[in-house]
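What follows is a short report on a single structure.
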Amino acid sequence: MRKLFILGAMALAIPALADTPADLSTDMVLGKTLEEVQASLTSMGYEVRKSEVEDGMIEAYVVRDDSMAEIYVSPKTGKLTRIKAR
């Protein structure tokens, strides 16, 4: 029963991992301002659909090759702190 549960959980997790953009990873530095983050993402080939500063974080919604993601960047360090694949 336990093995079946683990296999089921892994099967659900694999598609979510496959959609995460491979060249984006936490702790990579994208910039400390909204404009710097947008420029970094654009130079990496992403289309920035929406970006804003909310709750003390720079938020950007990006698309490339049918992969969509919502990313969060710390304006204090310029580091990418969280990636949510969509």
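Start counting at 1 in the sequence shown, then tack on 224, and there's your number in our numbering.
Using N, Cα and C, we set each Cβ at its ideal position, and we do this for glycine too.
- VAL287 places its beta carbon 8 Å or farther from that of LEU258.
- Rounded to whole angstroms, the gap between the alpha carbons of ALA263 and PRO299 is 15 Å.
- Inter-residue distance for ILE307 and MET281 is about 13 Å (C-alpha atoms, whole angstroms).
- For the segment 269-295, the continuous beta strand (DSSP E) assignments of 3+ residues that do not extend past its boundaries occur at 271-278 and 281-288, in sequence order.
- Residues ARG288 of the same chain have their beta carbon placed closer than 7 Å to that of GLY269, with the five preceding and five following residues left out of the count.
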